[in-house]
Structures are given as C-alpha cells and as structure tokens.
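Q:
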Amino acid sequence: MVKKVVSREMFMNRKKKQSDFNSVLSEEQINYGKKKYLLFSMFNGFSVALLAEGTLILFALKLQIPDYIVGVMSSFLFLGMPFIFVGKRMVMKMGVAKTISIAWFLRSVSILAAVIAPFVIYNCSVNLGFILFVLGAFGFYAFRGVGTIGWNPILGEITTEKNKGSYSAKNFILFTSAYFLSVLSLVVLFEFYNSISTFQVIVCSGCLFGFCAAYNVSKVPESNIPIRSASVSLRESISLIRASKECMKLIYIQTIYFAGIALTFPYSMLALKEGYGVKDYAAMSYILILLAGGIIISMVSNKIIDKMGPHKILISLYSLMVIASFMWFLAPTDFNWMYSGIIFLFIGCAQMGGYIALITYFLIITKPDQRIGYTVILTIISSFCAGAVGALFGGGLLKLLECFHLKELVMFHYFFFIVFVLLLVCLFVILKLEKVSILKIFFKKK
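Residue numbers for the sequence shown follow the working numbering, so the first one is 734 and each next one is one higher.
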C-alpha cells in the first residue's frame, strides 16, 4: 500500500513538473527568450575566448606540454560531445534551459583545474600537473557536451520558420563579436604580461563570464515540446533517422565537416607557434583574423542563408578548409604575416559559417518533437568520429612525423599535405551526397 502511494505521488510530481511548461509560448515569451539567449551568446563569447581553443593551446604550450598531447587536447571539443546523452536525461526532468545552465556552470568549474595545474607541476609532480590540466580541459568540454543537447531545441522554441537562419546568424554575430573583443584584449595583455600567472587570471575571468552565461540561459522560457521530445527513446530516434534520407545525409556531412575543423584550426595554431615560433600576442592576433572571418561570414549568411539554403553554403565553406590546408603545405620558410592571415581568415569563415549552416540545415529537416533524439544521435556520431580523427589521426600523424627529426615547419608541411589529400577526398564525398557535379559548378550551361 505504501509503495502504491509513493508511486502515485512520484507520478503526480512528474506531471506537475511538466505542467510548469506551457504547451505554446506567447509572443511576449518568445521575444523575452530571444533577448535572454542573445545575452547568453554574448557572455558565452567572452567565456570561450578566455577559456578554450586558442587560449587553452597557448596555456598548454606555456606549461611545456608536448605538441602531440596539445593536438589531442584540441580534439576534446568533439570528444566531449558524446556526453550529450547525459543532457538528454536532464532535459526529461528539468527542460532544456535549466540543462544548459547547469552544464555551463559545471563547465566553468571544471576548467579551474587548469589554474591549479601549474602549482602541482612546480611543487609536486610534472606528470601529475599535466594530467590535471588535461582532465580539467576534458571536463570543460564534457560538460559543454552535456549542455549542447539544448542548443538546437531552444533555438527552435524561440524562432519561426521565417527567421531561423537570420536569428542563428544574429546569434553568431553577437557571439563572435564578444569573442573578438576578448581576444583583442588578450593581444594587448600578452604584449606586456606573458606569464603563467597571467593565464591563471584569464581562466578565472573566463569562469565568471561562464557563470553569467549560465544565469541568462536559465531564464529562457520554453514549451513542453523539448521534454516530450527528450522522452523519445534513442532506439526509436535511430529508427526514425535511418528511415530519413535527409537525416542520414546530414550525419555524413556533419561528421566530415567537423573532422575538417578538427584537423585545420588547432594544428594551424600549433604550426604558427611551433613552426614559426611567434610570440603569444602575435598568435592571438591571428585568432582575431579567424574571428573576423567568422563575423564576415555570419553577416553574409544572415542575408543569404534563408534564400540559398544551407547546402550550397556548406560546400563552399568546406572548400575553404581544403584551400587553407594546401596553403600550409606551400607556406614559405620565412614568416609572412599576410599569407598566414589569409589561411586563418579562410578557416574562420569555414568554422563559424559551417556551424550556422549545419544548425539551419538541422532545423529545416527535423520536426520540433523529434529534435532532442535527433540531436543526441547526430551529435554523438559526428562529434565522436571527428574527435577521433583529430586526436588519433592528427595527434598520431604529428607524433609519427616527429620520429623523422624534421624541422618544425617542414614537419607541418608534410602534415598539412596529408590533411589536404584527406579533405579533398571528403569534399568529393560531400558533392556526391548532395548530388552536385563539379563540372556543373565550373561549366554551367547557358
């Protein structure tokens, strides 16, 4: 009898939690949600610039962590994404906004291990300090993976069919603008202060911005659609995806695209630092160029993506990564800032523009009540495969080339030639999936 009472009480509590969410959002709620999500994007831009990617790579190199380990760490962006299945269970209980908020809070807490790592390295054990740093970085990306379950569904909640692409582009513009300003500040800071303690202060500041992002996204209103969507089993989601040619095609394309990013941006930073030996402030200035490319492509996408569709844009942007890898192969022995700048501009356009196009592609081909399940499967497959390529293929290839005792820049010449060949083959795979002939692109019939 007690068990029946408890079961009934649990059922009523769950029903009450679901009733806290509206079945349909009002126009006022949608507009409020848009403002709060834009604030989340802005604070997230500040946070990511200070905590991840370029800054994390420079911090690791400052601590003299080996290049191939830094290369593997750079793939954590994708290797942490399979933890999205934890986010799915959280969405079922508390909705997408709270899930993202909690994940972003824990993400910021985890990276504080990188602040502690230098103390361990210099006062206890070098290897233990390296392990702590790597674990902190992985925790950062793992909790990020948990929270990304809500990105596509929450955008679907606060946008309509007419403005999905334009609002996504506006989001990226705000994110990249905040990122740009943060990196600009780091360029100035590193020119005068370039010590380990500087990086520790930067990481702590990034955590504070991460907490602000977590607070704002928790205030975004949502309907009960994401909770219903999250309740769909993974087995059912897999069956639905396998039955959809468009979803299967998106899995292949997103996997290839993410693998291209994993093999170009982080290893370009390594080539810049280790191949040419540029200083930290100069390396960060190239992040500015990368972001400039992202801002430019976001503004262009805002105008054309809803008219052209994401398919053609994805092919064009992926081609920029192919060109960038070939340019690294042909990179001059003497450092040329303009030549390297073009490479980072291309990668920035491809990286930021690709995310916009892929999100828009996803929102177009999926129904609102299926997005949680689709997001989990799509993210786990594409991100894990891309992360494995970046870590095992990229890191392994770099370690193999080190065995030949080549000069740093020559080693990266060989590395990027192999990457170029791989990306070129993948480009033809994307063209075949999209049923686009290369001859039709260059020789259109009048």
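Where a beta carbon is used, it is the ideal one built from N, C-alpha and C, also for glycine.
All of these numbers come straight from a predicted model, not from anything done at the bench.
Sorted by chain position, which residues of the same chain lie with C-beta nearer than 6 Å to residue 774's C-beta, five sequence neighbours on each side aside?
A: 904, 907 and 908, listed in sequence order.
Q: Can you round the beta-carbon distance between residue 816 and residue 879 to whole angstroms, since I take them to be within the 8 Å contact cut?
A: That pair is a contact at about 5 Å.
Q: Going along the chain, which unbroken runs of the alpha helix (DSSP H) with 4 or more residues stay wholly within the stretch 994-1076?
A: Segments of the alpha helix (DSSP H) lying fully in the stretch 994-1076: 1013-1041 and 1043-1062.
Q: Between residue 990 and chain D, is there a C-beta pair that is closer than 8 Å?
A: This model lacks chain D altogether; it includes just one protein chain.
Q: Rank 941, 995, 764 and 986 by C-alpha distance to the C-alpha of residue 787 and give the top, closest one.
A: Taking only the C-alpha atoms, the option nearest residue 787 is 995.
Q: Indicate the three-state DSSP secondary structure (helix, strand or coil) for residue 956 in the structure shown.
A: Note: residue 956 maps to strand in three-state DSSP.
Q: Which same chain residues end up closer than 6 Å to residue 853 when comparing Cβ atoms and leaving out the 5 residues on each side of it in sequence?
A: Cβ neighbours of residue 853 beyond the five flanking positions: 861, 862 and 865.
Q: Going along the chain, which unbroken runs of the alpha helix (DSSP H) with 4 or more residues stay wholly within the stretch 865-907?
A: Fully enclosed alpha helix (DSSP H) runs of 4 or longer: 884-891.
Q: Under a three-way DSSP split, which group does residue 742 fall into?
A: Low per-residue confidence applies at residue 742: pLDDT is 46, beneath 50, and the placement is therefore not dependable, though the value from the model is reported in the following sentence. The answer is helix: DSSP assigns residue 742 an H, G or I state.
Q: By a C-beta neighbour count over all protein chains shown, 10 Å radius and 16 as the cutoff for buried, is residue 855 buried or exposed?
A: Exposed, by the Cβ-count rule.
Q: Three-state secondary structure (DSSP) at residue 1159?
A: Residue state, collapsed to three classes: helix.
Q: Residue 891 to residue 959, Cα distance in whole Å?
A: Each residue's alpha carbon lies about 12 Å from the other.
Q: Taking the straight line between their C-alpha atoms, what separation do you get for residue 881 and residue 836?
A: So the two alpha carbons sit approximately 9 Å from each other.
Q: Could you compute how far the alpha carbon of residue 752 sits from the alpha carbon of residue 957?
A: For residue 752, the pLDDT reaches just 46, beneath the cut-off of 50, and the residue's location in the model is therefore unreliable, although a value from the coordinates is still provided. The straight-line gap from Cα to Cα measures roughly 8 Å.
Q: Of the choices 831, 848, 899 and 1046, whose alpha-carbon is the least far from that of residue 1196?
A: Not covered by the structure: residue 1196. The range shown for the chain is 734 to 1179.
Q: If I'm right that residue 809 touches residue 942 with Cβ under 8 Å, what's the distance once you round it to whole angstroms?
A: Their Cβ separation, rounded to whole angstroms, is 20 Å, which puts residue 809 and residue 942 out of contact at 8 Å.
Q: Mapping the DSSP letters down to three states, classify residue 1101 as helix, strand or coil.
A: The answer is helix: DSSP assigns residue 1101 an H, G or I state.
Q: Answer with buried or exposed for residue 826, where buried requires no fewer than 16 other C-beta atoms within 10 angstroms of its C-beta.
A: By the neighbour-count rule (16 or more Cβ atoms within 10 Å), residue 826 is not buried but exposed.
Q: From residue 1145 to residue 830, what does the alpha carbon distance come to, in whole angstroms?
A: Between residue 1145 and residue 830, the C-alpha separation is close to 42 Å.
Q: For residue 1083, which residues of its own chain have a beta-carbon under 6 Å away from its beta-carbon, when the five flanking residues on both sides are left out?
A: Closer than 6 Å at the Cβ level, and outside the excluded window around residue 1083, lie 1050, 1053 and 1054.
Q: Between the stretch 993-1008 and the stretch 907-927, are three or more C-beta pairs nearer than 8 Å?
A: No, because fewer than three Cβ pairs between the stretch 993-1008 and the stretch 907-927 fall closer than 8 Å, the two stretches do not touch.
Q: Let's see if you can read the secondary structure: which residues bound the alpha helix (DSSP H) around residue 762?
A: Counting along the chain, the alpha helix (DSSP H) containing residue 762 begins and ends at 760-784.
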